[in-house]
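Report on one structure; see the data block that follows.
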Amino acid sequence: MYSPNPNFGEPLPGGLSNVQTDKAKKRRWQSRSDEEIAEHMDNHLSYRKGWPQLPPLPVSTIRDGARHLVNNAQAVIEKVQNICNAQRIAPLEIFFAYRVPEVQQAGESYHTLVVAVDLRNDPSLYSLIIQIRKHLQEDPKHREIFIEIIDYRAVIDGLASFAIPPSEEHLMSVWKPVFEIVLEEVHRQKEQWLTIEMLYRGLEDDAARCPATVVITSPSAAREIWNDTLLPSIENRIQVLSPSLEIELLCGSSLHVASEAVPPVPDSQMYEQDVPMGSSIRQRDLKKHSGTAGGMVKLSDGKTYALTNHHVVRNDDLDNREYNNHIYYQTLLTAYDVVFTNMSSDSSEPPFLKPGTPAFDPNKHRFACPSNEDNVAFIQDRESDEQLWLSKSERPGSAEFLASSRAELTMARTTDRSFGRVHASSGLRTVKAEKLSSNPTNGKSVAETGKAQFRFLLDWCLLAFDARRSMTNELPMRRQHNTSPHSTLNSGRDCKQWTVMNNPKCHILRDDVHVGKFGRTTGFTYGRINAIPVVINPEVKGGEYKSVSKTYGLTVENCGHCMEVLPHSGSGSTNVVGSGDSGSIVLHAPSGDWLGLLFGETRAKAALFTPIDLVFRDIEKVTGHQVIEPVFNPKW
Numbered sequence: 001m002y003s004p005n006p007n008f009g010e011p012l013p014g015g016l017s018n019v020q021t022d023k024a025k026k027r028r029w030q031s032r033s034d035e036e037i038a039e040h041m042d043n044h045l046s047y048r049k050g051w052p053q054l055p056p057l058p059v060s061t062i063r064d065g066a067r068h069l070v071n072n073a074q075a076v077i078e079k080v081q082n083i084c085n086a087q088r089i090a091p092l093e094i095f096f097a098y099r100v101p102e103v104q105q106a107g108e109s110y111h112t113l114v115v116a117v118d119l120r121n122d123p124s125l126y127s128l129i130i131q132i133r134k135h136l137q138e139d140p141k142h143r144e145i146f147i148e149i150i151d152y153r154a155v156i157d158g159l160a161s162f163a164i165p166p167s168e169e170h171l172m173s174v175w176k177p178v179f180e181i182v183l184e185e186v187h188r189q190k191e192q193w194l195t196i197e198m199l200y201r202g203l204e205d206d207a208a209r210c211p212a213t214v215v216i217t218s219p220s221a222a223r224e225i226w227n228d229t230l231l232p233s234i235e236n237r238i239q240v241l242s243p244s245l246e247i248e249l250l251c252g253s254s255l256h257v258a259s260e261a262v263p264p265v266p267d268s269q270m271y272e273q274d275v276p277m278g279s280s281i282r283q284r285d286l287k288k289h290s291g292t293a294g295g296m297v298k299l300s301d302g303k304t305y306a307l308t309n310h311h312v313v314r315n316d317d318l319d320n321r322e323y324n325n326h327i328y329y330q331t332l333l334t335a336y337d338v339v340f341t342n343m344s345s346d347s348s349e350p351p352f353l354k355p356g357t358p359a360f361d362p363n364k365h366r367f368a369c370p371s372n373e374d375n376v377a378f379i380q381d382r383e384s385d386e387q388l389w390l391s392k393s394e395r396p397g398s399a400e401f402l403a404s405s406r407a408e409l410t411m412a413r414t415t416d417r418s419f420g421r422v423h424a425s426s427g428l429r430t431v432k433a434e435k436l437s438s439n440p441t442n443g444k445s446v447a448e449t450g451k452a453q454f455r456f457l458l459d460w461c462l463l464a465f466d467a468r469r470s471m472t473n474e475l476p477m478r479r480q481h482n483t484s485p486h487s488t489l490n491s492g493r494d495c496k497q498w499t500v501m502n503n504p505k506c507h508i509l510r511d512d513v514h515v516g517k518f519g520r521t522t523g524f525t526y527g528r529i530n531a532i533p534v535v536i537n538p539e540v541k542g543g544e545y546k547s548v549s550k551t552y553g554l555t556v557e558n559c560g561h562c563m564e565v566l567p568h569s570g571s572g573s574t575n576v577v578g579s580g581d582s583g584s585i586v587l588h589a590p591s592g593d594w595l596g597l598l599f600g601e602t603r604a605k606a607a608l609f610t611p612i613d614l615v616f617r618d619i620e621k622v623t624g625h626q627v628i629e630p631v632f633n634p635k636w
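Numbering (UniProt numbering), first residue to last: 1 to 636.
Written as structure tokens, this is what we have:
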């Protein structure tokens, strides 16, 4: 599968000149003959075709305002319906929208006529697109509207993604050379990339009916070179290794999922002194910011800390002082002796940040729980409850419900939500280890076996609690909306133990290992660990931070890696992770044991995590104290 590669907007560095781009845009919009329209048609994907070259997937669909820019929009839709009927194609929906990719091109509106159809019988769309285009040309106001004909299943949920189990020996044997081919070709053309995955991917909510696919995510997916040169070259080379393996290109620029997010209605437990696992947290100085306090870690110094991600505590002040200027590190090393210690094998990586590091300003790295967005959402929800019970004052029990709503309103308005401050952090570093690098009887590191080593990303941070706040390793009392038989992480359950992924009860070389997590945004979600690691070269979007790949010192020969979780069901309604879930703990669903620390998401809707044994060993290295709780569980 190829994703489309539009030639539009301001070119990326090394692409077409502005003059060339403007000429190409003018030519495509003036296309009138069948041949001219066909020249600019997008037909790279079996489930998505259109005119001209469409923005790369995934895209956001924004309907507000799109219809108002069309003269007599309903008449246009009815005409398109008639054209479809004449072609014996039955649309499920026809609408106008803005179809906007994550990495936007300057000067593009993405105003699109979307025709959602059932493409399972593979109808010919060539003539349909030409006829719709000619109709739109009749009105000068409509000549720059994109035409997108897409399978309705992709409109609703996007493609489904499923983990590849280790029993798929033919895929397990080729994934590494396939990834090497992709990296070689991409770097030969000096293109940007974010992640490379191998998983089952398709329109069916059934892994057995979805082809094994190499998914490449790139912030430059809109460049012509991908579809003209790169993807054909990659496909030709990997067909020798696995003829059935497909390729998909997605647009993306960030792995992180701690960001501005639509707040869920938080639970009142987040206002208590002892908050549960998965609670909402926020940097006080950022206007919109939500992340997750995954769980509580107790060290041998006798103190307890909340575990989250390092990137959740990052802000412009920290980045400007640390990650953009290594001279600053050297100055601090001189001034504070061993406050910073760089124990990475790659000297290009920044050091970790030990307790007492002056880079963490106590006034600029303080956290609240719940976050501002969630606190506002809670207040609004309880205000609605108050008005509801006031309007039903005659009903039995209304007085009690009204009193309860008002009590929670007072609590949310008056509670000091101060949660904690940064204590220590991994920084953005990596650690080299084999996929199974720990002794399953004690969790300690074992001698190397000679198997492939991976450069796992470290992205953890410990928050020291304020005097009035603390945390328990219990899941919150929250109703589960997931009815899957794998939904075994009961509300209120103790999760006070951790284990390694090669513990026989949750061995990642088995097909039936189920995991779950509770996060700030999506609550309880479940999935399966993909047996094939993800290769990472992170780029962070929009100038929010500088290139993370540069910070990590990642290269084509020395990429980053992590493990990923994909949902049991591939539909979009069962995503494992959402924006604001960063910092959640990946739990072995049957036992509740900690298995990993979630830090990101791919555009294939997989949750990225680092194995918890590597995280805990690094915490002990950075802080100088052992992890006492959660307790290692060797039982199986």
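Glycine included, each C-beta is placed from N, C-alpha and C at the ideal position.
Does residue i pass the burial test, meaning 16 or more other C-beta atoms within 10 Å, or should it be called exposed?
| i | result |
| --- | --- |
| I631 | As written in the sequence, residue 631 is Val, which differs from the Ile given in the question. Classification of V631: exposed, given that the 10 Å Cβ count is below 16. |
| residue 637 | The chain is shown only over 1 to 636; residue 637 falls outside these bounds and no answer can be derived. |
| H326 | Caution applies to H326, whose pLDDT of 40 falls short of 50 and renders its modelled position unreliable; the value that the coordinates give is listed next. Flag for H326 reads exposed. |
| S254 | buried |
| S279 | buried |
| P211 | exposed |
| I156 | exposed |
| M198 | buried |
| P396 | exposed |
| N473 | buried |
| T410 | exposed |
| L358 | Leu is not the amino acid found at residue 358; the sequence shown has Pro there. When all chains shown are included, P358 counts as exposed. |
| D374 | buried |
By Cβ distance below 7 Å, which residues in the same chain neighbour residue i in space, the five residues on each side in sequence not counted?
| i | result |
| --- | --- |
| G50 | D42, I129, F146, I147, E148 and I149 |
| G492 | E474, L475 and M477 |
| P177 | L241 |
If I measure Cβ to Cβ from residue i and keep anything under 6 Å in the same chain, skipping five residues before and after, which residues do I get?
| i | result |
| --- | --- |
| F616 | V627 |
| P440 | V500, N502 and N503 |
| C506 | V513 and H588 |
| S344 | For S344, the predicted structure reports a pLDDT of 39, less than 50, and the residue's modelled location is therefore unreliable. A value from the coordinates is still provided. Taken in chain order, the residues that qualify are R429. |
| L509 | P166 |
| G519 | G278, T292, D581 and S584 |
| V174 | L241 and S242 |
| I196 | F179, V182, I216 and V535 |
Output the distance between the C-alpha atoms of residue i and residue j, rounded to the nearest integer angstrom.
| i | j | result |
| --- | --- | --- |
| L598 | F609 | 4 Å |
| R582 | G516 | It should be noted that the sequence gives Ser, not Arg, for residue 582. In a straight line, the C-alpha of S582 is about 14 Å away from that of G516. |
| E434 | F454 | 6 Å |
| S220 | E272 | 45 Å |
| E102 | A399 | 49 Å |
| L390 | R417 | 28 Å |
| V535 | K79 | 47 Å |
| D618 | L457 | 11 Å |
| L245 | Y200 | 10 Å |
| H40 | V182 | 27 Å |
| P52 | D613 | 49 Å |
| D361 | H142 | 54 Å |
| E169 | F162 | 16 Å |
| S300 | K444 | 17 Å |
| K392 | E386 | 10 Å |
| S437 | A606 | 23 Å |
| V565 | C369 | 27 Å |
| N121 | L194 | 34 Å |
| R48 | T217 | 18 Å |
| V446 | T521 | 37 Å |
| V622 | Q497 | 21 Å |
| E35 | P91 | 25 Å |
| L12 | A106 | Residue confidence for L12 is low, a pLDDT of 31 falling below 50, so the modelled location carries little weight; the figure read from the coordinates is stated next. Taking the straight line joining both Cα atoms gives about 10 Å. |
| M172 | I532 | 7 Å |
| R153 | A604 | 15 Å |
With residue i and residue j assumed to form a contact (beta carbons below 8 Å), what rounded beta-carbon distance in angstroms separates them?
| i | j | result |
| --- | --- | --- |
| H486 | S371 | Contact doesn't hold; Cβ gap of about 29 Å is too wide. |
| V297 | H365 | With a Cβ gap of about 18 Å, V297 and H365 do not count as contacting. |
| E248 | T213 | 5 Å |
| C461 | V312 | 7 Å |
| I132 | I83 | 6 Å |
| F367 | I281 | 5 Å |
Going by beta carbon distance, what residues of the same chain come within less than 8 Å of residue i, once the five residues before and after it are set aside?
| i | result |
| --- | --- |
| F465 | T304, Y305, A306, F419, G420 and M471 |
**Q.** Contact the segment 57-66 vs the segment 84-101: 3+ CB pairs below 8 Å
**A.** As far as the Cβ criterion goes, the segment 57-66 touches the segment 84-101, which means the pair count is three or higher.
(Q) I'd like to know if the segment 399-411 and the segment 440-453 are in contact, where contact means that at least 3 CB-CB pairs between them fall below 8 Å. (A) no
Q: May I ask you to verify whether the segment 372-388 touches the segment 230-250, counting CB pairs closer than 8 Å and requiring at least 3?
A: no
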